Amino acid sequence: LNESNHYPSNVLEYLKDPKERSHEWKVNRWKNWMNQLEEDWEEFSETLQTDNNEWIEGNEEKWEIWFESIKKKWIHYNKNLENEYKKDILAESLTWDETMWKVWINTEGREHMEKEWKTWIAEKESNMYDWVVKQWSQWKSEKIEEWVNSKWKLKEDEYWKKWEHKVKKWNKMKKMLHSKENNDWMKWKQRVEMEREQWLDWVESKDEIFINQKWKNWKKWKNNKRNIFYKWVDNYINKWIDEKKWVPLVNEVKELTKKKGR
1 LNESNHYPSN
11 VLEYLKDPKE
21 RSHEWKVNRW
31 KNWMNQLEED
41 WEEFSETLQT
51 DNNEWIEGNE
61 EKWEIWFESI
71 KKKWIHYNKN
81 LENEYKKDIL
91 AESLTWDETM
101 WKVWINTEGR
111 EHMEKEWKTW
121 IAEKESNMYD
131 WVVKQWSQWK
141 SEKIEEWVNS
151 KWKLKEDEYW
161 KKWEHKVKKW
171 NKMKKMLHSK
181 ENNDWMKWKQ
191 RVEMEREQWL
201 DWVESKDEIF
211 INQKWKNWKK
221 WKNNKRNIFY
231 KWVDNYINKW
241 IDEKKWVPLV
251 NEVKELTKKK
261 GR
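For the sequence shown, position 10 (counting from the first letter as 1) is numbered 10 according to full-length UniProt numbering, and the numbering increases by one without interruption.
Here you go:
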């Protein structure tokens with residue numbers, strides 16, 4: 001933490017050795033740091049939201065390319081099916097009537113199309129959340145490190161850890177129990193624990209914001225594309241039935257079956 005950015009209210013207090021500074025001064029330093037943290041968070045959150053919106057816009061072109069490839073694939077459905085699939089999976093369909101083909105396209109056929117959408121969007125969403133989690137984890141780690149690595153705090157922590165070691169080594173705890181130094185040590189322990197608990201509570205509250213509030217634009221974009229895709233699927237299936245697209249498919253399966261039998 002750059003301590004010049006957080007001017008102490010009492011300069012003389014600040015110039016003292018960390019151990020000699022008052023408990024109140026140290027508590028106020030933490031409060032000031034937490035207040036500044038909230039401001040820094042707002043700035044970080046806005047930047048992250050802007051970056052996320054740009055990422056969504058960047059996926060618009062990728063969506064168009066993917067969607068066109070899917071439409072082309074299913075418009076030329078017969079050509080894009082593997083021969084082995086046609087022979088082994090569709091051979092049983094040679095005796096189907098029109099009703100059975102309608103059932104197939106509305107069940108298995110639809111399932112194949114929807115699976116491609118779900119796979120594509122799941123990958124995009126996973127990439128987005130991985131990126132967000134990485135940015136958030138890095139930012140909060142850097143922030144708490146700023147605090148714990150403050151020069152005055154490092155000196156204070158070092159002093160009390162050495163003091164604990166000395167007391168434990170010489171078995172002086174009973175003797176030190178009611179001393180001023182022991183009281184100061186207790187205040188230090190309690191303050192460090194208070195900081196830890198408040199930090200964890202603060203992080204948890206921000207985690208909640210990330211999970212429940214931050215990605216409205218992404219959800220809106222995803223739902224919009226989903227509606228477009230599913231509408232296309234419905235139209236495709238209706239056209240497939242109207243034009244009896246299973247007829248050329250059956251004819252091709254018959255030809256493949258003949259070749260296999262030769």
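Each residue gets a CB set at the ideal place from its N, CA and C atoms; glycine is no exception.
Please read these numbers as outputs of a predicted model, since none were measured by experiment.
For residue i, count neighbouring C-beta atoms within 10 Å of its own C-beta (all shown protein chains included) and say buried if the count is 16 or more, exposed if not.
i, result
"Glu-156", "buried"
"Lys-153", "buried"
Compute the distance between the beta-carbons of residue i and residue j, then report whether it is under 8 Å.
i, j, result
"Lys-206", "Trp-41", "yes"
"Arg-110", "Ile-237", "yes"
"Trp-199", "Ile-144", "yes"
"Trp-139", "Phe-44", "yes"
"Glu-116", "Ile-70", "yes"
"Trp-63", "Met-113", "no"
"Ile-56", "Trp-218", "yes"
"Lys-102", "Ile-241", "yes"
May I ask you to report which of helix, strand or coil DSSP gives residue i?
i, result
"Glu-38", "helix"
"Glu-243", "coil"
"Asn-238", "helix"
"Arg-226", "helix"
"Arg-191", "helix"
"residue 281", "The question about residue 281 has no answer, for the chain in this structure spans 1 to 262."
"Trp-74", "helix"
"Arg-21", "coil"
"Trp-202", "helix"
Taking just the CA atoms, how far does residue j sit from residue i?
i, j, result
"Glu-142", "Asp-234", "50 Å"
"Ile-209", "Val-27", "27 Å"
"Val-148", "Trp-188", "13 Å"
"Glu-195", "Asn-32", "12 Å"
"Leu-94", "Thr-47", "59 Å"
"Glu-24", "Gln-135", "34 Å"
"Lys-222", "Lys-258", "46 Å"
"Val-192", "Leu-37", "17 Å"
"Thr-99", "Lys-239", "15 Å"
"Trp-160", "Asp-184", "9 Å"
Just to check, is the beta-carbon of residue i closer than 7 Å to a non-hydrogen atom of the ligand FAD?
i, result
"Thr-119", "In terms of ligand content, the structure shown is empty, and the ligand FAD therefore cannot be addressed."
Cβ contact check for the stretch 161-168 and the stretch 232-252: 3 or more pairs under 8 Å: No, because fewer than three Cβ pairs between the stretch 161-168 and the stretch 232-252 fall closer than 8 Å, the two stretches do not touch.
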